[in-house]
Amino acid sequence: MTTSRPARLRVGVVGAGRVGPALAAALALAGHRPVAASGVSDASRRRAEALLPGVPLVEPAEVLARSELVLLTVPDDALPALVAGLAETGAVRPGQLIAHASGRYGTAVLGPATRAGGLPLALHPVMTFTGSAVDVQRLAGCSFGVTAPLELRLAAEALVIEMGGEPEWIEERDRPLYHAALALGANHLVTLVAQSLELLRTAGVEAPDRMLGPLLGAALDNALRSGDAALTGPVARGDAGTVAAHLAELRAHAPGALPGYLAMARTTADRALDHGLLRPEAAQELLGVLADGPGPDEGGTEGDEDR
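Under mature numbering (1 follows the signal peptide of the UniProt record, and there is no 0), read the sequence shown as residues -24 to -1, 1 to 283, first letter to last.
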C-alpha cells in the first residue's frame, strides 16, 4: 500500500479493552467501518457495545476474516503469543493491515503476521484511556508513536491523522526507551499525585484535589515549557532543615511514602545541581540528610500496578 490516504476499510478489533474500541470508533468517524470485535470479560463487552454499537463480538480468527484493518489491542505481554497464534492458524491474509497499539513494541513483534503476508503497523496513542466515549474526543491532537516499514509509513501516518492524532515517527530500536519515558512521566505521576492527596487528607485538608489542581497544573505547564529551569521547592533551594522535617513527618505518619520521597528528592537534587540551581555548598548538607534514608523497619509498601 503506497497511497497516503487509505481507502475506506473494514476494521476489526482483537481485544476490546479500553484502547481498541476507542480507536475503532475514531476510525468510524473518519468513514471506516468497524465490522467485528472480540472481548472476553463483561467489561470488554460493555465497552464494545457502548463505543461500537451494532458491531458483533466474535472469536479473534473471525475478526480477521471480516476485516481489512485489524487492531490488536491486548496487553503488551500477551501480544507476541496472540500474533504467533493468529499466524499459525492461517487467520492472517496477504495484504491485510495488522496494527497494534503497544508502546513497547514496534513492528518486529508482528513478524509472524508479516511472514504470512500481513502489512505491519505500530500505532501507539500517547494517551491514558478510561474505556468511555471521552477517549475518542481525547484523541484529537494526541501524539501517536508510529513505526512501520518505509513503504507503509504514509498509510500509517494517514490512519493516525484520520483518528485525530499527530504521528511521531519512532524507530524500532527506540521503542522500549520511548515507552519507558512515557511510563516514567504518566504512570508515576498518578502515583505521586495519589500519595500527595492522601497526605493532605491526613493533614486535615478537606478538599485536597481543589488545593492541588492549580499547583500541579502550573508545575506541569512550567516543566513542559522550561524543563529543569522550572525546578523549585526546598530540595532545589537546598533547604536541608525543611527536607529533614519532611522526612520526620513521613516516618511518623506515612512511612510507605518515604522511599518515593527520598528517591525523587535525590534525583531532583542531582538535576538542580547539574542545572546550576542548587549551590554545591548548600547541596552538601542536603545530600547528607537524604543519604540517611529510611530506617531498617521503614521500608515502603507495595502499590497498585498500572498499565
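Don't be surprised by glycine CBs; every beta carbon is placed ideally from N, CA and C.
Annotation for residue 188: 169, 172, 173, 176 place their beta carbon closer than 8 Å to its own, counting only its chain and skipping 5 residues before and after.
Residues 218, 219 of the same chain have their beta carbon placed closer than 7 Å to that of residue 210, with the five preceding and five following residues left out of the count.
Residue 120 places its beta carbon less than 8 Å from that of residue 144. Cβ-Cβ distances below 7 Å link residue 184 to 173, 176, 177 in the same chain, with the five nearest sequence neighbours on each side left out; the list follows chain order. Look at residue 13 here: in three-state DSSP terms it is strand. In this structure, the alpha-carbon of residue 87 lies about 43 Å from that of residue 233. Secondary-structure assignment with DSSP links residue 100 through a beta bridge to 121. Within 10 angstroms of the beta-carbon of residue 164 lie fewer than 16 other beta-carbons, which makes it exposed.
Exclusion of the five residues before and after residue 158 leaves 79, 102 as the residues of its chain whose Cβ lies within less than 7 Å of its Cβ. With contacts defined as CB atoms closer than 8 Å, residue 214 and residue 262 qualify as a contacting pair. About 6 Å separates the beta carbon of residue 40 from that of residue 68, a gap short enough to meet the 8 Å contact definition. If you check the CB distance, residue 42 and residue -13 come in under 8 Å.
When DSSP states are grouped into helix, strand and coil, residue 203 belongs to the helix group. When the beta-carbon positions are compared, residue 15 and residue 24 come within less than 8 Å of each other. As a beta-bridge residue in DSSP terms, residue 76 pairs with 48, 98.
Within its own chain, the residues whose Cβ lies closer than 8 Å to the Cβ of residue -7, once the five positions on either side in sequence are excluded, are 23, 105, 106, 107, 111, listed in chain order.
For residue -13, the uninterrupted beta strand (DSSP E) run begins and ends at -15 to -11, by DSSP. Exclusion of the five residues before and after residue 65 leaves 37 as the residues of its chain whose Cβ lies within less than 8 Å of its Cβ.
DSSP places residue 29 in no alpha helix (DSSP H); its state is neither H nor E. Excluding its 5 nearest sequence neighbours in each direction, residue 2 has C-beta neighbours in its own chain below 7 Å: 112, 115, 139, 140, listed in chain order. With a contact defined as Cβ atoms closer than 8 Å, residue 81 and residue 151 qualify at about 6 Å.
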